[in-house]
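Residue numbers (the numbering used here), protein chains in the order written: chain A, 1 to 625; chain B, 1001 to 1196.
Note that beta-carbon positions come from the ideal geometry of N, C-alpha and C, so glycine has one too.
Being a predicted model, the structure only gives us computed values, none of them experimental.
What follows is a short report on a single structure.
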Amino acid sequence: MQHVAAATPAAAGAHHEEHAGFWRTYVFSLDHKVIGIQYMMTALLFLFLGFTLMMLMRWQIAYPTRGIPGEWFALLPAVIGLAAVAVGAYSKRRLTLLVGLLFGGIAWLVWWMVSDETLFPEGIMLPELYNSFGAMHGTIMIFLGVVPLAVGGFGNYVVPLQVGAPDMAFPKLNMMSYWSYFAGGVVMLTSFFVPGGAANSGWTSYPPLADIATTGQTVWLFGMVFLITSSLLGSVNFIVTIVQLRAKGLTFMRLPFFVWAQFVTSFLLLLAFPPLEGAAILQLMDRLAGTSFFLPSGLVISGQVLDVAGGGSPLLWQHLFWFLAHPEVYVLILPAMGIVAEIIANNTRKPLWGYRSLVYASIFLGFMSFIVWAHHMFMTGMGTVISTFFQTTTMIISIPSVIILSALIISLWGGSIRYTVPMLFAIAFLPMFGIGGLTGLPLGLAPTDIHLHDTYYVIGHFHYVVAPGTIFALFAGIYYWYPKVTGRMMSEALGKVHFWGSLICMNGIFFPMLIQGLAGVSRRLYDGGTQYAHAQNVLQWNEVMSISAWALALFQIPFILNFFWSMKKGKQVESDNPWGATTLEWQTPTPPPHGNFTSIPEVYRGPYEYSAPDAAKDYTPQNVP
Amino acid sequence: MQIPYTVTTRPDTGLHNAKLGIWLFLASEVMLFGSLFSAYILLRVAAVEWPHGSQLLNVPLAFINTVILIASSVTMVLSWASLKMKDFAKYRRYMGLTILCGFGFLIIKAFEYGAKFSHGIFPAEDLFYATYFTLTGLHGLHVIGGIIVNAYFWGPGSRLWNTEPERFTNRVEVAGLYWHFVDLVWIFLFPTLYLL
């Protein structure tokens, strides 16, 4: 690796941790970069696991009466695992070796479940298992996959570098939030093995169903407490880092948009998660202490009146849950927008259009996201007055989203665009998120929501936001920052295969959902709608979606190969700033040493000074006087 | 490179890192208890009948507990002020008193719980007791957390005084902010559950 900027590498290592042992350096590290990588690897594995659950479910939806060929589903993670173990052993990289073993673990989990006659009698998934996979797919993807990757992974690695700080404000807290997340993940995984299986009341855990569900639900709640704690510690850390540790001259209006996005996201996590923690405590009391916070009087289950005090309100859970879960939508999307903004400015070689509007729009978005939650509850009978209020706020919140998306699209105008792999993902994010956002409007209006509520249309809508939206932005971020983290570039050719394959497959999965949903097909159906008369005309799409999902998995192979192969064999970067970027994370040695900067950085200009007419190069870094 | 503003304040924000951190943490705690208070209001408004806390719960004991907690907040401030005046022995005394008050609160609370349990009253009894046990239980956990932190700064953590007195004073201030918050939650809980 070339330490171009590191004239005196020893100077950077004055910190006490430089010569720490293996455990302190790689496992219980206090360095934000190592913690960021830990978050990223763990979250990517959970994304793959959540996706695997869905691949199994898609077989059930497409072929409800045919036994599942389990060996094919176990084969993919097994092959990836073996390849990673081989590469890891060959190149002596413990991380690759470990990831290979974990993929092997996923393969074993799939194989164990599919070949268990009590779970898959004659190869057909039990309805209870289908419910449980559905609930865990949602939980894993959101709380263990996307948010930890976007906030824990990218936030941890990039934010301190972009604000010119030596580390996060509270390194020990940072380590604790990773390990709390890890513990939450382990708890969630163990729930697959308790009697009755993992949580099976949907990721939303609506009572009264969740109150009387099997033990897995209790484990789910405990897991959530760990994950919430992790998010709280992390968000405090991010806000303090951004407010307190900004380099000299780095005013708020000179912050890269990614930092702003993480800043607003942290406030959402900080203030929206506690009500879910409160709700989780109440549900735990219901399940363990026999209270009836969410159980109404006279509840009849299987023909018998439930023996509890009653008087509770199932609607209360929905209010508390969505008070978190709507801001959570913006937690999922804001960091993605931040990543896309960075990459667009860098690859169009011109400043972002309307930087200030982007910033104000995201602050307004964060604020508004706290008063739109009940648009998830139009069908609960809470009354037209309340519905009208939340319908109005929902229409208002679409304005800042449109401002952000428009500003990013206009930023492309007149640029001489470099179609690098990160840029391809970033450009694809724009229309994909656009579809996701626009399909949300009919759901935000109470009259149209009556038809669309709880159909596949809803699934199509939010998956367009999160899957080809956020996850594409996260891929873009991985390709973009990879050379900073490793000192090597990822392969462009493999990256393009990954991109085009994923783009086509994503649309193959989610567009038919919109069609099915408009036809009125309900979500969460065990047989994909076979038994419903109104579903018959759109039933053929089930197979298209399932095949697209499995093909999407195959198109992740070039990415996984690329990811591990390039660590050892990728093209070495020729400078510390291979993309010619302006922000501070590129003005460090590659990879950044402990303490990040060789000298304390000072900032003299805004974040996106590309192609300034009087400058020598087509970019001027923020720390150039 | 050391992390800046761990001890000194940043000129443009006027804060050191931990102080901003604890205020943010307390904001999240406000949301936690806020959500539970909201749940209480929603459940009570929707209930056909809701008992008056004063007829079921032990108001004198809870009143004593309120006094104890407020007193502990005062001793907490005094312990911090003693550090500001460089009087470490006095700090130990006041911090010790704060911890004792915390224990006193918990012991009285345990008597209250015990009295209910011995009459066969558990959280499952009805919604009133469910809210009572959940809210006071969660508050109790916060008191225990505060005692642990304070005990650490009274005992092993106080060695920092010898090397970095200013940093130690800041830590005690931050712990104090948390302790006042726990006190404040009780001041809301007492009328809500016992009097209304």
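For residue i, the three-state DSSP class (helix, strand or coil)
| i | result |
| --- | --- |
| ARG488(A) | strand |
| VAL4(A) | Residue placement at VAL4(A) is poorly supported in this model, since its pLDDT is 41, which falls under 50; the coordinates are not used for a value here. |
| TYR419(A) | coil |
| HIS16(A) | Note on HIS16(A): pLDDT 44, under 50, position unreliable in the model; no value is reported. |
| LYS92(A) | coil |
| ILE343(A) | helix |
| ALA10(A) | Caution applies to ALA10(A), whose pLDDT of 39 falls short of 50 and renders its modelled position unreliable; the value that the coordinates give is listed next. Three-state DSSP puts ALA10(A) in a helix. |
| TRP1186(B) | helix |
| SER522(A) | strand |
| PRO1011(B) | coil |
| LYS350(A) | coil |
| GLN572(A) | strand |
| TYR619(A) | strand |
| THR65(A) | coil |
| VAL300(A) | strand |
| THR380(A) | helix |
| VAL305(A) | strand |
| TYR1005(B) | coil |
| GLU610(A) | For the record, residue 610(A) in the displayed sequence is Tyr; it is not Glu. TYR610(A): strand per DSSP, three-state reduction. |
| THR215(A) | coil |
| THR42(A) | helix |
| THR291(A) | coil |
Sub-7 Å separation of residue i and residue j beta-carbons
| i | j | result |
| --- | --- | --- |
| MET506(A) | PRO468(A) | yes |
| TRP413(A) | HIS376(A) | no |
| GLU602(A) | GLY249(A) | yes |
| GLY595(A) | PRO166(A) | yes |
| GLY1102(B) | ILE1070(B) | no |
| TRP1186(B) | MET1076(B) | no |
| LEU324(A) | LEU276(A) | yes |
| ILE106(A) | GLY50(A) | no |
| VAL240(A) | ASN1170(B) | no |
| GLY223(A) | VAL187(A) | yes |
| TYR419(A) | SER369(A) | no |
| ARG58(A) | SER548(A) | no |
| ALA135(A) | ASN346(A) | no |
| GLN572(A) | ASN623(A) | no |
| VAL243(A) | VAL159(A) | no |
| PHE273(A) | ILE228(A) | yes |
Residue from the options whose Cα sits closest to the Cα of residue i
| i | options | result |
| --- | --- | --- |
| VAL87(A) | GLY495(A), GLY460(A), LYS568(A) and TRP72(A) | LYS568(A) |
| TYR503(A) | TRP586(A), VAL421(A), ASN131(A) and MET113(A) | Looking at the sequence shown, residue 503(A) is not Tyr but Leu. Of the candidates TRP586(A), VAL421(A), ASN131(A) and MET113(A), the one whose C-alpha sits nearest the C-alpha of LEU503(A) is VAL421(A). |
| ARG356(A) | ALA341(A), LYS172(A) and ILE333(A) | ALA341(A) |
| TYR63(A) | ILE124(A), VAL236(A) and GLU328(A) | ILE124(A) |
| MET320(A) | ILE281(A), GLN556(A), LEU514(A) and THR291(A) | According to the sequence shown, residue 320(A) is Leu rather than Met. When each option's Cα is compared against that of LEU320(A), the closest is ILE281(A). |
| LYS1019(B) | VAL1007(B), SER1028(B), PRO1156(B) and GLU1029(B) | VAL1007(B) |
| TYR157(A) | LYS617(A), ALA616(A), GLU128(A) and LEU584(A) | LEU584(A) |
| PRO208(A) | GLN162(A), GLY529(A) and GLY312(A) | GLY312(A) |
| PHE103(A) | PRO625(A), HIS498(A), ALA428(A) and PHE48(A) | PHE48(A) |
| GLU1173(B) | PHE1188(B), ILE1068(B), ASN1150(B) and LEU1057(B) | ASN1150(B) |
| GLN1055(B) | GLY1120(B), HIS1142(B), PHE1128(B) and PHE1111(B) | PHE1128(B) |
| VAL466(A) | SER416(A), PHE429(A), GLY495(A) and HIS453(A) | PHE429(A) |
Where the alpha helix (DSSP H) containing residue i begins and where it ends
| i | result |
| --- | --- |
| GLN262(A) | 257 to 284 |
| TYR1129(B) | 1127 to 1154 |
| TYR360(A) | 355 to 368 |
| LEU539(A) | Note, LEU539(A): premise wrong, no alpha helix (DSSP H); not H, not E. |
| ALA1071(B) | 1059 to 1084 |
| PHE390(A) | 384 to 412 |
| PRO1051(B) | Unbroken run through PRO1051(B): none, as it is neither H nor E. |
| SER1118(B) | 1088 to 1118 |
| TRP203(A) | Taken as a continuous stretch (DSSP letters only), TRP203(A) belongs to no alpha helix (DSSP H), as it is neither H nor E. |
| LEU443(A) | 441 to 444 |
| VAL194(A) | VAL194(A) -> no alpha helix (DSSP H), and no H or E assigned at all. |
| GLY528(A) | No alpha helix (DSSP H) holds GLY528(A); DSSP gives it neither H nor E. |
beta-carbon residue i near the ligand ATP non-hydrogen atom, thresh 6 Å
| i | result |
| --- | --- |
| PHE429(A) | Judged by which ligands are present, the structure shown has none, so any question about the ligand ATP falls away. |
Sequence ranges, alpha helix (DSSP H) only - wholly within the stretch 98 to 183 of chain A, length at least 4: Whole alpha helix (DSSP H) segments, 4+ residues: 127 to 139 and 156 to 162.
What alpha helix (DSSP H) runs, 4 residues minimum, are completely inside the stretch 221 to 257 of chain A? Within the stretch 221 to 257 of chain A, no alpha helix (DSSP H) run of at least 4 residues lies entirely inside it.
Can you give, in chain order, each stretch of the alpha helix (DSSP H) that sits fully within the stretch 580 to 607 of chain A and has at least 4 residues? Fully enclosed alpha helix (DSSP H) runs of 4 or longer: not present.
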